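Asks: Residue numbers (the UniProt record's numbering): 1 to 278. The beta-carbon is built from N, C-alpha and C at its ideal position, and this holds for glycine as well. Being a predicted model, the structure only gives us computed values, none of them experimental. Have a look at this one.
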């Protein structure tokens with residue numbers, strides 16, 4: 001606020017003519033006004049510089065970020081569920097990149113209900129597979145791949161289910177596989193006894209909790225270790241693992257016995273491996 005004397009002086013300076021004393025006062029007043037203006041300008045400049053310095057250093061461009069390359073997928077024709085053609089599973093121990101060999105739907109035959117889509121993945125770059133002749137029967141190619149390389153069965157439910165429901169189906173398939181191996185003379189009484197503990201451990205991995213629709217469940221079997229005394233592992237991703245050559249191998253092979261747990265899966269794999277081999 002300007003004082004009354006200051007306002008009077010400003011008014012007198014504008015009107016004139018001025019006495020020498022008033023003219024001197026006007027000159028002093030103008031100089032003081034210029035000093036106040038200079039101080040105000042300096043203060044505004046300092047505030048502007050401070051504001052600029054406190055702005056974030058990150059620059060945001062108007063253009064959109066470059067999109068990540070789309071993942072190559074194949075879809076199950078029966079369910080439209082998509083599977084990546086290459087599967088990379090994070091792990092503390094290095095795992096190979098798995099290639100999608102085939103896929104299909106698992107159906108409850110007497111009801112026609114589509115339970116899940118399943119994809120069969122294998123490490124097709126494993127040098128142990130180089131000895132497969134292209135002319136070999138496809139069933140032999142499947143068995144050689146399963147017995148000599150790391151494989152993954154990716155299971156994706158078509159509707160919300162439970163781990164327990166899937167576990168019961170797996171156990172029925174393994175018990176049937178156990179009986180079949182005994183009938184073929186491929187499982188001695190000692191081996192049958194030895195596999196009981198891994199079967200119980202496998203069964204105990206699955207919690208009694210829901211598994212939501214379209215949530216992948218990966219079941220992986222590792223490649224045979226260089227040390228033949230060490231058994232292969234069957235790993236249920238995020239749930240646990242069990243060491244057993246028989247369990248690891250026969251779990252995957254059960255999907256390809258006869259018509260298979262999923263006939264469309266087996267047919268898809270057969271078509272993919274027709275020309276596989278050297």
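Leaving out five residues on either side along the sequence, give the residues of the same chain with a beta carbon under 6 Å from the beta carbon of residue 205.
Replies: Excluding positions up to five away in sequence, the list reads 236, 239, 240.
Asks: Got a sec? Which residues, its chain only, sit under 6 Å from residue 104 by beta carbon, not counting five neighbours each side?
Replies: Once the five neighbours on either side are set aside, the close Cβ partners of residue 104 are 262, 264, 265, 268.
Asks: Can you tell me whether residue 180 is helix, strand or coil according to DSSP?
Replies: Residue 180: helix per DSSP, three-state reduction.
Asks: Helix, strand or coil for residue 185 per DSSP?
Replies: Here residue 185 sits in coil by DSSP.
Asks: Going straight from the alpha carbon of residue 171 to that of residue 257, what length do you get?
Replies: Answer to the nearest angstrom: the Cα atoms are 15 Å apart.
Asks: Go through the stretch 207-271 residue by residue and report every complete run of the beta strand (DSSP E) that reaches 3 residues or more, in order.
Replies: Fully enclosed beta strand (DSSP E) runs of 3 or longer: 217-221, 233-236, 240-243.
Asks: Counting beta carbon pairs with one atom in the stretch 187-200 and one in the stretch 218-230, are three or more of them shorter than 8 Å?
Replies: The answer is no - the stretch 187-200 does not touch the stretch 218-230, with fewer than three Cβ pairs under 8 Å.
Asks: Using a Cβ-Cβ cut-off of 8 Å (strictly less than) and excluding sequence neighbours within five positions of residue 56, which residues of its own chain qualify?
Replies: Low per-residue confidence applies at residue 56: pLDDT is 40, beneath 50, and the placement is therefore not dependable enough to give any value.
Asks: With C-beta atoms as the reference, is residue 121 less than 8 Å away from residue 138?
Replies: For residue 121 and residue 138, no; Cβs fall outside 8 Å.
Asks: Pair every Cβ in the stretch 110-119 with every Cβ in the stretch 146-166, then say whether three or more of these pairs are closer than 8 Å.
Replies: Yes: the two stretches touch, three or more of their Cβ pairs being nearer than 8 Å.
Asks: Return the CA-CA distance between residue 182 and residue 242, expressed in angstroms with no decimal places.
Replies: Taking the straight line from one Cα to the other gives about 22 Å.
Asks: How would you write the range of the alpha helix (DSSP H) that residue 142 sits in, first residue to last?
Replies: Its alpha helix (DSSP H) spans residues 138-148.
Asks: So is residue 61 buried or exposed if we call it buried at 16+ other beta carbons inside 10 Å?
Replies: With a pLDDT of 36 at residue 61, under the threshold of 50, the predicted position of this residue should be treated as unreliable, though the coordinate-derived value follows. With fewer than 16 Cβ atoms within 10 Å of its Cβ, residue 61 is classed as exposed.
Asks: Let me check understanding here. Comparing Cα to Cα, which of 244, 112, 151, 89 lies closest to residue 200?
Replies: Residue 200 has its Cα closest to that of 244, out of 244, 112, 151, 89.
Asks: Assuming the contact rule is C-beta atoms closer than 8 Å, residue 234 and residue 251 should be a hit. Round their C-beta distance to whole Å, please.
Replies: Yes, they are in contact, since the Cβ atoms of residue 234 and residue 251 sit about 6 Å apart, within 8 Å.
Asks: Run the CB neighbour count on residue 220, radius 10 Å, all protein chains shown included, and call it buried at 16 or more, exposed below.
Replies: It is buried - the Cβ of residue 220 has at least 16 other Cβ atoms within 10 Å.
Asks: Rounded to whole angstroms, what is the Cα-Cα separation between residue 75 and residue 215?
Replies: The straight-line gap from Cα to Cα measures roughly 15 Å.
Asks: Check this for me: beta carbons of residue 97 and residue 106, under 8 Å apart or not?
Replies: No; because the gap between Cβ atoms is not below 8 Å, this pair is not in contact.
Asks: So the candidates are 127, 275, 78; which of them puts its Cα closest to the Cα of residue 115?
Replies: Selected option, being the one with the closest Cα: 78.
Asks: Across which residues does DSSP place residue 105 in a beta bridge pair?
Replies: DSSP output for residue 105 lists 117 as bridge partner(s).
Asks: Residue 110: buried (16+ other C-beta within 10 angstroms of its C-beta) or exposed?
Replies: Exposed, since its Cβ has fewer than 16 Cβ neighbours within 10 Å.
Asks: So, residue 72 versus residue 86, is the Cβ gap smaller than 8 Å?
Replies: Yes. Within cutoff.
Asks: Answer with buried or exposed for residue 198, where buried requires no fewer than 16 other C-beta atoms within 10 angstroms of its C-beta.
Replies: Label assigned to residue 198: buried.
Asks: Can you give the beta carbon distance from residue 146 to residue 249, rounded, assuming they're within the 8 Å contact cut?
Replies: With 8 Å as the limit, residue 146 and residue 249 qualify as a contact, their Cβ atoms being about 6 Å apart.
Asks: When the Cα atoms are used, what is the spatial distance from residue 174 to residue 167?
Replies: Spanning the two alpha carbons is a distance of roughly 10 Å.
Asks: With which residues is residue 86 paired in a DSSP beta bridge?
Replies: Its beta-bridge partners are 99.
Asks: Could you tell me the distance, in whole angstroms, from the CA atom of residue 217 to the CA atom of residue 184?
Replies: Approximately 31 Å, taken between the alpha carbons.
Asks: Let me know the secondary structure DSSP gives residue 46 once reduced to three states.
Replies: Note that residue 46 scores 48 on pLDDT, short of 50, meaning its location in the model is unreliable; the coordinates nonetheless yield the value given after this. Here residue 46 sits in helix by DSSP.
Asks: For residue 148, which residues in the same chain have their Cβ closer than 8 Å to its Cβ, ignoring the five residues on either side in sequence?
Replies: Once the five neighbours on either side are set aside, the close Cβ partners of residue 148 are 126, 128, 129, 223, 224.
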